[in-house]
Ligand SMILES: [Zn+2]
């Protein structure tokens, strides 16, 4: 969210001017295809058409498999079947709404009414000490990032009203449910193993990413004035990470502790029913469903084992017993006067 160079601005502006009508058309067609299956999203025309295609197919595949996946085990049933009369698609649809490419700060400044200079932004992580929700993605190959919660938090902490424009739609970022999704090279159809050897990733692998990202759109109990004060007072991401108690709002990640394979990276969760938990439950349920269906292999490895590995990776990022609390799937943008007895 920090200001970069004017050169970057020039580069981005000319790139935007070169967006072909084809991309605009592809975005409209993808929106229409998704709308047919009840998924209502807006797609930025600068998103690459192959990414639009991949996303559309991933959502459409879910219409055929979501019932079996949601019924595959009790944890998946709890999240996807028993709340909000839901299905996996409904869970995604209420939380992910605007799709754009993983892009520079300038890109975001062009689309959202964020001022170039913010009084309080150090809590998202400075250049010297990278941390926080946005920079975690930058350290590894970014699959997808739901930045709606982070943009809203920036707005609240800086006492601003922010709106963004994707395609022909302008919308206020007035809570964590803005659903501003960025897609990067990690959201892909295949994974390189060694040299030219690749395995095809099943749609369930990417759907688990969507399920994870969707959880960042939930803020079950709002924020407190204390949370905002901590964000304002934090001089860098590590300080914010240590002192911030409002993590459940947007289910922001925690820095992984010493000894963890991702030590020092904001890629762990210390909130119950956090984003990694949601993705892990979906992956495990998908592994179980794929194991039963025997619908082919991704080259040398079965789709079910890809999903088991994905579940194990996500479960390994939980710093708390994720089920040791109440599952809350609601969201509010309320800011309460002071800290109550917050569940952590
Ligand atoms: Zn996340």
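In my numbering, the protein residues as written are 651 to 994. For glycine and all other residues, C-beta sits at the position ideal for the given N, C-alpha and C. Keep in mind the model is a prediction, meaning the values are calculated, not measured.
Quick check on the burial criterion: 16 or more other C-beta atoms within 10 angstroms. Buried or exposed for residue 765? exposed
Between the region 795-809 and the region 839-853, do three or more beta carbon pairs fall short of 8 angstroms? no
Report the option in 684, 754 and 926 whose CA atom is closest to the CA atom of residue 963. 926
For the alpha helix (DSSP H) that contains residue 938, what are its first and last residues? 925-943
Are residue 908 and residue 894 closer than 9 angstroms when you measure CB to CB? no
Given a cut-off of 9 angstroms, decide if residue 774 and residue 890 are closer than it, judged by their beta-carbon atoms. Taking a C-beta distance under 9 angstroms as the contact criterion, residue 890 and residue 774 qualify as a contact pair.
On the DSSP letters alone, give me the boundaries of the beta strand (DSSP E) that residue 850 sits inside. 847-850
Can you confirm whether the region 736-747 touches the region 683-699 when touching is taken to mean that 3 or more C-beta pairs between the two stretches lie within less than 8 angstroms? yes
Ligand 1 and residue 862: does the residue's C-beta get closer than 8 angstroms to at least one heavy atom of that ligand? yes
Range covered by the beta strand (DSSP E) that runs through residue 917: 916-918
Nearest-angstrom Cα distance between residue 826 and residue 869? Each residue's alpha carbon lies about 6 angstroms from the other.
Coil, strand or helix - residue 737 by DSSP: coil
Use the C-beta contact count for residue 874: other C-beta atoms within 10 angstroms, 16 or more gives buried, fewer gives exposed. buried
With distances taken from CA atoms, which of 757, 804 and 724 is nearest residue 938? For residue 938, the nearest C-alpha among the options comes from 724.
In or out: residue 933 buried (at least 16 other Cβ within 10 Å) or exposed? buried
Can you tell me whether residue 943 is buried or exposed? The criterion is at least 16 other CB atoms within 10 Å of its CB, across all chains shown. exposed
Given a threshold of 16 other Cβ atoms within 10 Å of its Cβ, counted over all protein chains shown, does residue 980 qualify as buried or as exposed? So residue 980 ends up on the exposed side.
Residue 813, enclosing beta strand (DSSP E) - first and last residue: In the DSSP assignment, residue 813 falls within the unbroken beta strand (DSSP E) covering 813-816.
How big is the Cα-Cα spacing for residue 802 and residue 769? 15 angstroms
Taking just the CA atoms, how far does residue 853 sit from residue 956? 11 angstroms
Can residue 925 be considered in contact with ligand 1, in the sense that its beta carbon sits closer than 8 angstroms to one or more heavy atoms? Checking the Cβ of residue 925 against ligand 1 gives yes.
Residue range of the alpha helix (DSSP H) that residue 794 falls in? Here residue 794 belongs to no alpha helix (DSSP H); instead the beta strand (DSSP E) covers 794-796.
Nearest-angstrom Cβ-Cβ length linking residue 901 and residue 865, presumed shorter than 8 angstroms: Going by Cβ atoms, the distance from residue 901 to residue 865 rounds to 5 angstroms, so yes, they are a contact pair.
Is any heavy atom in ligand 1 found nearer than 8 angstroms to the beta carbon of residue 795? yes
Please report the straight-line C-alpha distance between residue 763 and residue 846, rounded to a whole angstrom. 44 angstroms
Three-way DSSP call (helix, strand, coil) for residue 779 in this model: Its pLDDT being 40, under 50, residue 779 is placed unreliably by the model, and the measurement read from it follows with that caveat. Coil at residue 779, not helix or strand.
Just tell me which of 705, 968 and 707 has its CA closest to the CA of residue 928. 968
Assuming residue 876 contacts residue 988 (C-beta within less than 8 angstroms), just tell me the rounded distance between them. 6 angstroms
Cβ-based neighbour list, residue 682, same chain, cut-off 6 angstroms, excluding 5 preceding and 5 following: none
Along the alpha helix (DSSP H) that carries residue 953, what are the first and last residues, could you check? Element bounds for residue 953: 953-965.
Quick check: does the Cβ of residue 690 come within less than 8 angstroms of any heavy atom belonging to ligand 1? no
Any chance the CB of residue 910 is under 8 angstroms from a heavy atom of ligand 1? no
Please name the residue or residues paired with residue 633 in a DSSP beta bridge. Lying before the first or after the last residue shown, residue 633 is absent from the chain, which here runs from 651 to 994.
Enumerate in chain order the residues of its own chain whose CB-to-CB distance from residue 704 is below 8 angstroms, with the five nearest sequence positions on each side excluded. 837, 838, 839 and 856
Looking at the structure shown, is residue 840 part of a helix, part of a strand, or coil, going by DSSP? strand
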